[in-house]
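Each residue of the sequence shown is one higher than the one before, counting from 1 in my numbering. Each remark here refers to the structure printed beneath this line.
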Amino acid sequence: MKTPPKHTSVLFILLLGQLVLAQQLKFKSFTTKEGLSNNSVKDMVSDKYGRLWIATWDGLNVYDGNTIKVYKHEVQDSTSLSGNIISALIKDHHNTIWVLTDNKSIARYLGDDKFQQFHFQQQPQALALTNTGEIAVSIAQKWFSFNEGEFLAIDKERVVITNELEVLKSFLLQNYPQLIINDVLKDNAGNIWYAPRRNGLYIIPNTPQNVHNEIIEHYTHDVYSPYSFTSNEIEKIYQDEFGNIWLAHKDGGISMAYTGSEQITTIIPHPVKFPHLPNETIRAITKDNKSNIWLGYYTKGIFYYSEATQCFLPFEIEEANEYPDWNRIRSMYTDSKGTLWVGTYNGLIKITGNDYQLINAEKTPNFPNNRNYAFAEDHSTLWIACWGGLGKLNLTSNAFERFEHQDKLNNYHIRHVIKHKDTLVLATEEQGVLFFTEKQGILKQLTLANGISGNSIYKLYFDKQTGNYWIATLGGVSVYHPQKGVIKNLTEEDGLPSHMVYGLLENNKKIWISTTKGIATVNKENYLVNKLPKDQGWQGEEFSEGAVYQDVKGMLFFGGISGLSYLQPDAYQYKMQKPKLHVTVDGKESFSKHISKSFQDNTFTVSITPVHFSGVTPKIEYRLKGLEDHWSAYQGQKIMYKNLAAGNYTLLTKMGSENGEVNELLQVEIKAPFYKTTVFYFIAIVLVFSIIAMLMIRKQIRSKQIQAQMEAKIKERTAVIETQKLALLEANQAMEERNQQLNAQKEEVLALHHQLKNSDFEVDKFKTFVLNSFKPKLSGLLTHVGELPPSSQKQLINEALIKLVNKISEWDYLDQVSELGEVISSQIHFKTLITKIYEQLQNQSIVCQLTLSFDILTESDLIAVDVLRIKLLFQYLSNELIKYVEANASLTISACLETQEIKLSVSSSSSLLKNQWENITQYSPYYKAAHTLMKDLGGKIVNNESAFQFTIHLPVVNVKEVAKRSGVVQLKHLENKEVKHQASILVFCEEEEMQPVNYLLQGMPEQLVFEHEVKALASAVQQINVKALVIYNARLSSEFVQVITQTGIKHLPSVYIAEQIDLHIEELVLDYGVNSVIYLPIHKNFLQKKISFLISQQPQKASNEVIDFLASATQSKSLINPHQKLVKQALEIIRQEISNPDFNVDKLISTLEISRTKCYRVFKEVLQQSPSDVIINLRLQKAKELLVQGSLNISEISFECGFKDPKYFSRMFKKHYGSSPKSYKMKQNK
């Protein structure tokens, strides 16, 4: 018996060993919940495939790492298991599994889910192996061995029985004599595992420090730990083919010790060990200057490790009782002075010792936002990433400082910030990565468009060795180099556990990443991804955003939804287990390596199950040699090959990398079909020759019989043919006469068809003739009449000629009605629309009695309709009708607004109109144009044949409330300065015409701004960046003429769009300075190309104007007004700074000491250009002069003219002058 001091010393050592190593080893348990047939397990063994066979009190279980299959005794099936209570398992040297059951029997597994039963007169007690590896059964103190299909008695000496277990038991019993040990196992590493009856698990480590077996680890069931085994009663300990240790429990299923789990330390909520920790997600981790761990939780506040209590305690924030957002932790950081900073939803918490200070954005100047996600320390500055900006805290003065361009970051939700030299790199929620400096602001923005894997960024890391930025995104990991661009994108296809990557930590040549589905490492040199096994005792599969930390020793910390896991990466070692493959061919696991199949049975299926129990399954690929040249990834599906051609095939597999070892799984021979064998060819040849001989004999006999019959028939048939020949000659003569009659009728029908078919063609020919013949002559007459002296007769002739020219010119536009494009409905009051249409009709010279009326039969006259098509329909139809109505006849037009339609009724007493109506509908271009418009509007016409009267029904939409015009921007609604400075086209039209005009101009690169007040046009030109002016069908009032003839407006490229052709109005509009007049209908593409062409001619004109102004300002000593003086001063500053690449509009307005708005307005008034356009034009003008001189190369000229990038300079020069600088220089030197 040991002396008390020695016993006390040993006990202290044992306790010390338990404190150091306890709970480092973690277990994964399997019970009936996971598919076991019973929770009481007696024995375990591995088969040749690596599968684990599990003997329970109710059935036999087989676990392959994926599923558990259960075998039980079935009374009616002799190939089933011999009993359900199983007490022992063993594998002989043939790799056959033997099962000891309860009903005086044993069974061996034959494969394909079948067993062979062996029954005895007495109950077998044990199973063992002989010295030759055969099965041995102990019955009534005798041993029997299986030989040639039966069990025969053998000597006990042939049975292998080891006494080593008794020696190993003594090592533990010396210290714990009261234990009853069920099983002992010495594993491959020499560690000794003990399974006592009710006392959990004991392990004696095989280490140099434990030579005397004094260090003993003791593990017991912990109901609160997810990584504890499930029962303290252990029946069996087994080490499988892969080196995993398994425990067989009574009433606890089985448990597997995670390989390598002792390398990972996990902290999770525990009512005994860590009673204060909340069961919530960890969002932040840090360590203080005493190396104590601090944890920040999602809503439960801050917890720190107390050395005094050896437990985690809450750090109380009193204000959190009233404002819970102080407990919503998002980031933690320990600065160089040891101060702890905590980012919350309600501001910053500064912790010094046991004291704390709260910093709130509402009470702290220059602190942008209360939600803080990351910190970056730079000398005496602490940068704070906020959910709406970036904060700069001076650690010396303990005050937030404002920095240049800070406001530009206020709209960004920043998750992480790092600093490299002078550049701050920011990770944002949805705007990608920002590169920012205090001097220049945002230098670059990386998004999906630049090739990175996502716009939502969680973490950043800068690799100083390579200069690469590692970016963790919602779509994976991106590696970016500032000069080379995106180098690599890593996703789940490259091996990432998940596309949602939350954390990046560096260690030596690896980047450690945390995701929503586990931990992985990435090799920084070849970017190979190595997923770490989930079955190593991590806190859980899912890790959380922001919860990653690396201390000064390199220890890595990862937080997640269940707790904290940390490890030393330099000491961490993990070797992937290579799985064994359990293969079935055509549903059978017992198959020959060489299979021969007939051609009719040329199909086979293969199922592959990778067997392993921990770690990550390597990639498995397969290929059928002889059929396939490429490898296919195996993803758990059945492999089926069918309709194989005759030949030899080999099924190959490989695991792991591209250079993995190739294994030959199966050889398949498909025999040739019978019709390709030699026997078949011999039989076929003999059969063919026999048939040929028989046919030849039969042919000779038959030919003689036929010859005699044919001679008789020939004579008879000759007489019949002569008779038929005469009858055919007579019939042929009659058919010839009938054919001549049909040809004559055919010619008459073709002539009539040709006349009707070409009616439209004749009309088109007539129109072409009139246009080509009369338009030049009428234009000449107008010129000669204009040379006559003024007189009343000259005016009458001139007016008559203009009307005729207008009418003929209008024909040119009628064919373009079909090119108006899609129908665009806009809202308009019916009364306003019909009144304007009637006014246009009444302005015409009408000699007949014209009656116009309208009715409104709806609650509101507000309708949605294509206004342009309605107007043109009325115009073309009325023009054609009025021509045919006599002076004393009447023409009545009535428009009535009803529910969902406009009903247009037309009637006339004119006999001429009634007589010519058929010709009008067939040949009139005006009627055809009107009919086309009616079809576009979905209308229909109803004629009254008894009198000249017809009604047109046009569908409309009745509108109760005025809707906002979609896509139409009005000047009065423009408030944003950036929008005002965009290139715009100013459109002047009536308010109800904005929608159709918007359709005609939709697709222009410039912004469309609409205005319907004449007085506002001049103000609009000053307020926005107008590139062109479009006037739609405006009345030429004195007020309108006065505005468009102003210098600021007259200078703009302008287009006048008219609904009716009027040469007089066209002449006036062109006199007022409008560049072009376009008549409707017109195709929108032509109109847009016309406007774009006018705009493209403006820059050269504007550049010349700047040069002209400079010349005139230099020669003239006095300027007209102060604005011109200010522009002259600005131009002198620009010319002095023209080679300075940093000179821009901001520096110009700073030098002039005026506002940006005034500078823009003055430049537009004097030079009709923005300040930035003037700077570009002068730089390009100087570049043009230097190119002509030819003394400098292109790059030198670009820098001399203030361009930082020669490529950008070349693009601007080509855009301005139509050719590249190099081409321009070569042209000048010729």
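Ideal Cβ placement from N, Cα and C applies to all residues, glycine included. Note that the coordinates shown come from a computational prediction; the quantities given were computed from them, not determined experimentally.
**Item:** Cα-Cα separation, Gln584 to Tyr49
**Value:** It is worth fixing the name first, because residue 584 is Thr in this sequence and not Gln. Inter-residue distance for Thr584 and Tyr49 is about 12 Å (C-alpha atoms, whole angstroms).
**Residue span of the beta strand (DSSP E) that contains Arg1179, given as start and end** = Segment 1171-1189 is the alpha helix (DSSP H) holding Arg1179; no beta strand (DSSP E) there.
**Asked** Between which two residues does the beta strand (DSSP E) containing Val45 stretch?
**Response** Here the beta strand (DSSP E) through Val45 covers 41-46.
**Separation of Thr521 from Asp494, as counted between CA atoms** = Whole-angstrom Cα-Cα distance: 12 Å.
**Message:** If you follow the alpha helix (DSSP H) that Tyr1201 is in, where does it begin and where does it stop?
**Reply:** For the record, residue 1201 in the displayed sequence is Cys; it is not Tyr. That residue, Cys1201, is in no alpha helix (DSSP H); it is neither H nor E in DSSP.
**Message:** Suppose the cutoff is 6 Å on Cβ atoms and the five residues either side in sequence are ignored; what does the same chain contact list for Asn210 look like?
**Reply:** Within the same chain, and ignoring the five residues on either side of Asn210 in sequence, no residue has its Cβ closer than 6 Å to its Cβ.
**Request:** Alpha carbon to alpha carbon, how far is Glu839 from Trp953? Give it in angstroms, no decimals.
**Result:** Note on residue identity: the sequence assigns His, not Trp, to residue 953. In this structure, the alpha-carbon of His953 lies about 22 Å from that of Glu839.
**Limits of the unbroken alpha helix (DSSP H) element including Tyr876** = The continuous alpha helix (DSSP H) containing Tyr876 extends over residues 867-883.
**Message:** Going by DSSP, what residue range makes up the alpha helix (DSSP H) through Tyr927?
**Reply:** Looking at the DSSP string, the run of the alpha helix (DSSP H) that includes Tyr927 is 925-936.
**Request:** Would you list the residues sitting across from Glu898 in a DSSP beta bridge?
**Result:** As computed with DSSP, Glu898 is found in a beta bridge with Glu901.
**Item:** C-beta atoms of His413 and Tyr458 nearer than 8 Å
**Value:** Between His413 and Tyr458, the gap from beta carbon to beta carbon reaches 8 Å or more.
**Prompt:** Thinking just about the alpha-carbon of each residue, which of Tyr1224, Ile902, Thr266 is nearest to the one in Phe854?
**Reply:** Ile902 is the residue among Tyr1224, Ile902, Thr266 whose C-alpha sits nearest the C-alpha of Phe854.
**Message:** Suppose contacts are defined by Cβ-Cβ distances below 8 Å. Is Arg51 in contact with Val548 by that definition?
**Reply:** For Arg51 and Val548, no; Cβs fall outside 8 Å.
**Same chain only: Cβ atoms within 7 Å of Asn1239, ignoring 5 sequence neighbours per side** = Residue 1239 falls outside the range modelled here, since the chain spans only 1 to 1230, and no answer is possible.
**Length of the line joining the Cα atoms of Ser544 and Thr447** = Straight-line Cα distance between these residues: approximately 23 Å.
**Request:** List the whole-angstrom C-beta distance separating Ile234 from Ala248, where the pair is believed to meet the contact cut-off of C-beta under 8 Å.
**Result:** Taking a contact as a CB-CB distance under 8 Å, the pair Ile234 and Ala248 counts as one, their CB atoms being some 7 Å apart.
**Prompt:** Which value, in whole angstroms, describes the spacing of the CA atoms of His1083 and Leu1000?
**Reply:** Approximately 8 Å between the Cα atoms of the pair.
**Message:** Just list the residues that DSSP pairs Val1243 with in beta bridges.
**Reply:** Not covered by the structure: residue 1243. The range shown for the chain is 1 to 1230.
**Item:** Straight-line Cα distance separating Tyr298 from Ser87
**Value:** Using only the alpha carbons, I get a separation of about 50 Å.
**Request:** Counting only runs of 3+ residues fully inside the stretch 401-475, write out the beta strand (DSSP E) ranges in chain order.
**Result:** Counting whole runs of 3 or more residues, the stretch 401-475 contains the beta strand (DSSP E) stretches 414-420, 423-428, 433-437, 441-446, 457-463, 468-473.
**Contained alpha helix (DSSP H) runs [length at least 4] in the stretch 321-354, N- to C-terminal order** = Qualifying alpha helix (DSSP H) stretches: none in this window.
**Asked** For Asn468, which residues of its own chain have a beta-carbon under 6 Å away from its beta-carbon, when the five flanking residues on both sides are left out?
**Response** Correct list, in chain order: Val479, His481.
**Request:** Have a look at Glu1200, Thr423, Gln700 and flag the residue whose alpha-carbon is nearest the alpha-carbon of Ile442.
**Result:** Thr423 is the residue among Glu1200, Thr423, Gln700 whose C-alpha sits nearest the C-alpha of Ile442.
**Request:** Identify every run of the beta strand (DSSP E) within the stretch 572-622, keeping only runs that are complete inside it and at least 3 residues long; order them along the chain.
**Result:** Counting whole runs of 3 or more residues, the stretch 572-622 contains the beta strand (DSSP E) stretches 580-585, 594-597, 604-611.
**Asked** Would Asn758 be called buried (16 or more neighbouring beta carbons within 10 Å of its own) or exposed?
**Response** Because the pLDDT of Asn758 is 44, which lies under 50, any placement of that residue in the model is unreliable, and the number read from its coordinates should be weighed accordingly. Its Cβ having fewer than 16 others within 10 Å, Asn758 is exposed.
**Prompt:** By Cβ distance, which residues of its chain are closer than 6 Å to Lys940, with the 5 residues on each side in sequence left out?
**Reply:** Excluding positions up to five away in sequence, the list reads His953.
**Request:** Sort out for me which residues DSSP pairs Gly503 with in a bridge.
**Result:** Answer is Ser514.
**Request:** Report yes or no: do the stretch 931-938 and the stretch 979-993 share at least 3 C-beta pairs separated by less than 8 Å?
**Result:** Segments in contact, no.
**Prompt:** Would you say Ala1020 and Val1009 are within 8 Å of each other, going by their C-beta atoms?
**Reply:** Yes, Cβ-Cβ distance for Ala1020 and Val1009 is below 8 Å.
**Message:** Taking the straight line between their C-alpha atoms, what separation do you get for Thr428 and Thr473?
**Reply:** Rounded to the nearest angstrom, the two C-alpha atoms are 10 Å apart.
**Request:** Would you mind giving the Cβ-Cβ distance between Glu134 and Asp77, rounded to the nearest angstrom? I have them listed as a contact below 8 Å.
**Result:** Their Cβ separation, rounded to whole angstroms, is 27 Å, which puts Glu134 and Asp77 out of contact at 8 Å.
**Ile282 versus Asn289, Val272, Ile293, Asp288, residue with shortest Cα-Cα distance** = The alpha carbon of Ile282 has as its nearest neighbour, out of Asn289, Val272, Ile293, Asp288, the alpha carbon of Ile293.
**Item:** Sheet register partners of Arg108 (DSSP bridge)
**Value:** Under DSSP, Arg108 takes part in a beta bridge, and its partners are Trp98, Gln116.
**Prompt:** Of the choices Val1127, Lys156, Ala646, Tyr202, whose alpha-carbon is the least far from that of Leu172?
**Reply:** Ranking Val1127, Lys156, Ala646, Tyr202 by Cα distance to Leu172 puts Tyr202 first.
**Message:** On the CB-based measure, 16 or more other CB atoms within 10 Å of its CB, does Ser773 come out buried or exposed?
**Reply:** Residue placement at Ser773 cannot be trusted, given a pLDDT of 49 that sits under 50; what the coordinates show is reported in the next sentence. By the 16-neighbour rule on beta-carbons within 10 angstroms, Ser773 is exposed.
**Asn602 vs Ile670 beta-carbon contact at 8 Å** = Contact flag set, yes.
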